[in-house]
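Undergrad:
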Amino acid sequence: MKKVLYFGFALCAMVLGFTSCNDDHDALSDTTLTNYVDLQLQGDEFTLIPLGTSYKDAGCKAELSGEDYSSHMEIDGLNAVDVNKVGFYEITYSAVNPDGYPASVSRTVCVYDPSVTTSIEGSYQPDMVATKYGTKGYTFADYAASYGNTSQCTGITFTEAAPGIYYVNDIFAGWYNQIRGYAAKYCMTGYMNLDAENNLYLLSSYVSGWGDGLDYVKNGKYDPETGQITYSLSYAGQIFMDIVLNKE
Numbered sequence: 000m001k002k003v004l005y006f007g008f009a010l011c012a013m014v015l016g017f018t019s020c021n022d023d024h025d026a027l028s029d030t031t032l033t034n035y036v037d038l039q040l041q042g043d044e045f046t047l048i049p050l051g052t053s054y055k056d057a058g059c060k061a062e063l064s065g066e067d068y069s070s071h072m073e074i075d076g077l078n079a080v081d082v083n084k085v086g087f088y089e090i091t092y093s094a095v096n097p098d099g100y101p102a103s104v105s106r107t108v109c110v111y112d113p114s115v116t117t118s119i120e121g122s123y124q125p126d127m128v129a130t131k132y133g134t135k136g137y138t139f140a141d142y143a144a145s146y147g148n149t150s151q152c153t154g155i156t157f158t159e160a161a162p163g164i165y166y167v168n169d170i171f172a173g174w175y176n177q178i179r180g181y182a183a184k185y186c187m188t189g190y191m192n193l194d195a196e197n198n199l200y201l202l203s204s205y206v207s208g209w210g211d212g213l214d215y216v217k218n219g220k221y222d223p224e225t226g227q228i229t230y231s232l233s234y235a236g237q238i239f240m241d242i243v244l245n246k247e
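Counted the way numbering that gives the first Met the number 0 counts, the sequence shown spans residues 0 to 247.
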């Protein structure tokens, strides 16, 4: 009786083993190879265009397995480029192969004002007494003393991306990262534009820690005599700051 049982178990194991092998073989036989669309951006990936001039896109070529595939390509954002407004515009070229796999490349068009000759590039720090948080008049110095993480925020950089256009590493001027002691991902990064009259405007903003940006920046100004930058901001509909930055 035991021999019969052992034989039965062995037979079942063999059957299961064969079934498993067949399943693996079937899975492997279902594997297919696909060729992705090769998108070849023509011209520069980052293009500077003087304000008020015309823009002609250099385009993009699409190939699939060495054959022209351009007729299947879609272009998004080209009609949104406004040569009469300073800012960044993204053009995306995309295509999907016959198996349904997408591919895309992008170009950034930067419209800038060539009449702006002043440069504010450099590293700044907020005037801790003059810079205010909230609507009750409390200063960065007041809060810094309370939290105890720093007495002076530093390293707020303006990096020139194009004439009059600057990447700012923390538009919050150190509020969350330095005064509150949060991680660097709570810095409000973004781009700001300086015009010929030394007014400062927000072009874009993003804080990766929360995945959003500022409501607005207003009253932005650069004083060439003192080298001071000032602006007011709103975030999340309830956070307000009046920032005063001095060159380090």
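We put the CB at the ideal spot given by N, CA and C, even for glycine. Keep in mind that this is a model prediction, so the values were computed, not measured.
Grab the span of the beta strand (DSSP E) containing SER145 for me, first residue to last.
TA: Locating residue 145 in the sequence shown gives position 146, counting from the first residue. No beta strand (DSSP E) holds SER145; the alpha helix (DSSP H) holding it covers 139-146.
Undergrad: With a 10 Å radius around its C-beta and 16 neighbouring C-beta atoms as the bar for buried, classify GLY236 as buried or exposed.
TA: Within the sequence shown, numbered from 1, the residue matching residue 236 stands at position 237. By the neighbour-count criterion, in which 16 or more other beta carbons inside 10 Å mark a residue as buried, GLY236 falls on the exposed side.
Undergrad: To the nearest whole angstrom, what separates the beta carbons of SER122 and GLU44, a pair I think is in contact under 8 Å?
TA: Translated into the one-based positions of the sequence shown, residue 122 becomes position 123. Translated into the one-based positions of the sequence shown, residue 44 becomes position 45. About 28 Å separates the two Cβ atoms, so there is no contact after all.
Undergrad: Reducing DSSP to helix, strand and coil, say where SER69 ends up.
TA: Your numbering for residue 69 matches position 70 in the sequence shown. Residue state, collapsed to three classes: helix.
Undergrad: Just list the residues that DSSP pairs ASP37 with in beta bridges.
TA: Translated into the one-based positions of the sequence shown, residue 37 becomes position 38. Residue pairing by DSSP puts ASP37 in a beta bridge opposite GLU62.
Undergrad: Per DSSP, ASN248 is paired with what?
TA: Only positions 0 to 247 of the chain appear in this structure, which leaves residue 248 out of reach.
Undergrad: Going along the chain, which residues of its own chain have a beta-carbon closer than 6 Å to the beta-carbon of MET240, five neighbours each way excluded?
TA: By one-based count along the sequence shown, residue 240 stands at place 241. Hits under 6 Å: TYR132, LEU232.
Undergrad: Any chance you could list the alpha helix (DSSP H) runs of at least 4 consecutive residues sitting entirely within the stretch 67-144, in chain order?
TA: Whole alpha helix (DSSP H) segments, 4+ residues: zero.
Undergrad: Since ASP169 sits in a beta bridge, which residues does DSSP pair it with?
TA: Position 170 of the sequence shown, counting from 1, holds the residue named residue 169. BP columns for ASP169 are empty, so no partner.
Undergrad: Taking DSSP as the reference, what is the three-state secondary structure of ALA183?
TA: Against the sequence shown, residue 183 aligns to sequence position 184. In the three-state scheme derived from DSSP, where H, G and I count as helix and E and B as strand, ALA183 is classed as helix.
Undergrad: According to DSSP, which residues form a beta bridge with GLU159?
TA: Here residue 159 corresponds to residue number 160 of the sequence shown, with the count starting at 1. DSSP, once it has assigned bridges, lists TYR165 as partnering GLU159.
Undergrad: Beta-carbon separation of THR117 and THR130 under 8 Å?
TA: The residue labelled residue 117 in the question sits at position 118 within the sequence shown. The residue labelled residue 130 in the question sits at position 131 within the sequence shown. Result no, Cβ atoms of THR117 and THR130 do not sit closer than 8 Å.
Undergrad: Any idea what DSSP makes of GLN227, helix, strand or coil?
TA: Your numbering for residue 227 matches position 228 in the sequence shown. Correct three-state label for GLN227: strand.
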